[in-house]
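**Q**
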Amino acid sequence: MSSKILNGKIIANKIIERIKKKIKIEISNSNRKPKLSVIWIGNNASSKIYIQKKKLACIQAGIEYQEYNFKQNTEEKKILNLIQEMNQNKTIDGILVQLPLPKNININKIITSIHPKKDVDGFHPYNIGCLCIKSPKLRPCTSRGVITLLKEYNIKMHGLNALIIGASNIVGRPMNLELLLAGCTTTVAHRFTKNLNEYIKKSDLIVIAIGKPNFLKGKDIKLGAIIIDVGINKIKIKNQIVGDVEFESTVLKASYITPVPGGVGPMTVATLLKNTLEAYQNKYQYPI
Ligand code: NAD
Numbered sequence: 000m001s002s003k004i005l006n007g008k009i010i011a012n013k014i015i016e017r018i019k020k021k022i023k024i025e026i027s028n029s030n031r032k033p034k035l036s037v038i039w040i041g042n043n044a045s046s047k048i049y050i051q052k053k054k055l056a057c058i059q060a061g062i063e064y065q066e067y068n069f070k071q072n073t074e075e076k077k078i079l080n081l082i083q084e085m086n087q088n089k090t091i092d093g094i095l096v097q098l099p100l101p102k103n104i105n106i107n108k109i110i111t112s113i114h115p116k117k118d119v120d121g122f123h124p125y126n127i128g129c130l131c132i133k134s135p136k137l138r139p140c141t142s143r144g145v146i147t148l149l150k151e152y153n154i155k156m157h158g159l160n161a162l163i164i165g166a167s168n169i170v171g172r173p174m175n176l177e178l179l180l181a182g183c184t185t186t187v188a189h190r191f192t193k194n195l196n197e198y199i200k201k202s203d204l205i206v207i208a209i210g211k212p213n214f215l216k217g218k219d220i221k222l223g224a225i226i227i228d229v230g231i232n233k234i235k236i237k238n239q240i241v242g243d244v245e246f247e248s249t250v251l252k253a254s255y256i257t258p259v260p261g262g263v264g265p266m267t268v269a270t271l272l273k274n275t276l277e278a279y280q281n282k283y284q285y286p287i
């Protein structure tokens, strides 16, 4: 069975062009541009690449982009003060703090200090809670991006047995909430899951986000399964980026599969822009 590649690059580009059109209309109505402010602490090489991609996408869409880069040893208080200022600033629509953070900075403190209505990464407990009670507002970008990608390819999710491998706050857990919302029966596996292959072989849809190159193999999946590879792993020998899925064996058995690069990654960036536009449009009501 030869599978269909879910081309995140093409779909993300389509979404960015749609956003661009909407922003043009706002500007023609004499409104200001949406604005995204990014805080980046330290000089993590991967973060640098991700931030550059976000910046370029903002430029493509016509979103104003502002970046603050702090030294690795910056005090937490300084970041919290800046976020407070950004929360008050009416010309800033979205605030994003690039992860991971240095060890001296408490990630939960930082995330909860961002006003939920400007939380374009969707990680604030209020936004996660809204997704949990089936009343989503701003939603985490990667998991929302995966749902958008599946919908753009008209893939019906209702009733599918979905397995999420990886249970992080950033990907696995929100992915579980998204797939539940889409009508799947979900299972979340993690490093302590026993007999993982038993779950893999029964699943119609697998989203994997564990950060282990070529972990999921074609021989283990169900024929016709839909495979979403969130993993981004740098292979030192060839200086290549690969996912968590062994693509060559899995592509032969899956009905749909995302490539790495060019699958989920661009969808994450496009969804960040979508969230920024929604924050600018005040699409959701926040009681706090
Ligand atoms: P993380 O380290 O925070 O979480 C990894 C999860 O995988 C944990 O829940 C852990 O229990 C689980 N895990 C580890 N080994 C396992 C195993 N052998 N079997 C089952 N579960 C196992 O990582 P993260 O931040 O969620 O990122 C995961 C991967 O996704 C990384 O490669 C990261 O670079 C990538 N990522 C990609 C995007 C994107 O836009 N494509 C976005 C975020 C993260």
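First residue of the sequence shown: 0, per numbering that gives the first Met the number 0; consecutive thereafter.
Glycine included, every Cβ here is placed at the ideal spot set by N, Cα and C.
Any chance you could list the alpha helix (DSSP H) runs of at least 4 consecutive residues sitting entirely within the region 73-116, in chain order?
**A** Runs found: 75-87, 106-112.
**Q** What is the DSSP secondary structure of K200, counted as helix, strand or coil?
**A** For the purposes of this step, residue 200 is taken as residue 201 along the sequence shown, with counting starting at 1. Helix.
**Q** Which same chain residues end up closer than 8 angstroms to I22 when comparing Cβ atoms and leaving out the 5 residues on each side of it in sequence?
**A** Residue numbering aside, residue 22 sits at position 23 when the sequence shown is read from its first letter. Cβ neighbours of I22 beyond the five flanking positions: K32, P33, A60, G61, I62, L276.
**Q** Between the region 201-213 and the region 108-124, do at least 3 Cβ pairs fall closer than 8 angstroms?
**A** no
**Q** Is any non-hydrogen atom of ligand 1 found closer than 7 angstroms to the C-beta of G121, if you look at the structure I gave you?
**A** For the purposes of this step, residue 121 is taken as the residue at position 122 of the sequence shown. Result no, Cβ not under 7 angstroms from ligand 1.
**Q** Can you list, in chain order, the stretches of the beta strand (DSSP E) that have 3 or more residues and sit fully within the region 17-56?
**A** 34-40
**Q** On the three-state DSSP scale, how would you describe D228?
**A** For the purposes of this step, residue 228 is taken as residue 229 along the sequence shown, with counting starting at 1. The answer is strand: DSSP assigns D228 an E or B state.
**Q** Go ahead and pull the three-state DSSP assignment for L130.
**A** To locate residue 130, count along the sequence shown from 1; it is residue 131. Helix, per DSSP.
**Q** What residue does the alpha helix (DSSP H) around V268 start on, and which one ends it?
**A** Numbered from 1 along the sequence shown, position 269 holds the residue referred to as residue 268. Unbroken alpha helix (DSSP H) run through V268: 263-279.
**Q** My output table needs one value for K136: the three-state DSSP class, helix, strand or coil.
**A** The sequence position of residue 136 within the sequence shown is 137, counting from 1. K136 falls in the coil class under three-state DSSP.
**Q** Report the rounded CA-to-CA distance for S254 versus I220, giving the unit in angstroms.
**A** One-based indexing of the sequence shown puts residue 254 at position 255. One-based indexing of the sequence shown puts residue 220 at position 221. If I take the Cα positions, the gap works out to 11 angstroms.
**Q** Look at the alpha carbon of E247 and the alpha carbon of I256, and state the distance between them as a whole number of angstroms.
**A** By 1-based counting over the sequence shown, the position of residue 247 is 248. By 1-based counting over the sequence shown, the position of residue 256 is 257. When rounded, the distance between both Cα atoms is 11 angstroms.
**Q** Can you determine whether any heavy atom of ligand 1 sits closer than 7 angstroms to the C-beta of T185, and answer yes or no?
**A** To locate residue 185, count along the sequence shown from 1; it is residue 186. No, the beta carbon of T185 sits no closer than 7 angstroms to any heavy atom of ligand 1.
**Q** For E247, report the span of its alpha helix (DSSP H) as first-last.
**A** Taking the sequence shown and counting its residues from 1, the one referred to as residue 247 is at position 248. From DSSP, the alpha helix (DSSP H) with E247 extends over 246-249.
**Q** Quickly, what does DSSP pair E63 with across the bridge? List them, please.
**A** Numbered from 1 along the sequence shown, position 64 holds the residue referred to as residue 63. Its beta-bridge partners are K34.
**Q** Less than 7 angstroms between the CB of S46 and some heavy atom of ligand 1, yes or no?
**A** Sequence index remark: in the sequence shown, residue 46 carries index 47 (1-based). It does not: the Cβ of S46 is nowhere closer than 7 angstroms to a heavy atom of ligand 1.
**Q** Does the region 99-106 come close enough to the region 127-137 to have 3 or more Cβ pairs within less than 8 angstroms?
**A** no
**Q** For ligand 1, I want to know if R190 counts as a neighbour, meaning its beta carbon is within less than 7 angstroms of at least one of the ligand's heavy atoms.
**A** For the purposes of this step, residue 190 is identified with residue 191 of the sequence shown, where counting begins at 1. Answer for R190: yes, Cβ within range of ligand 1.
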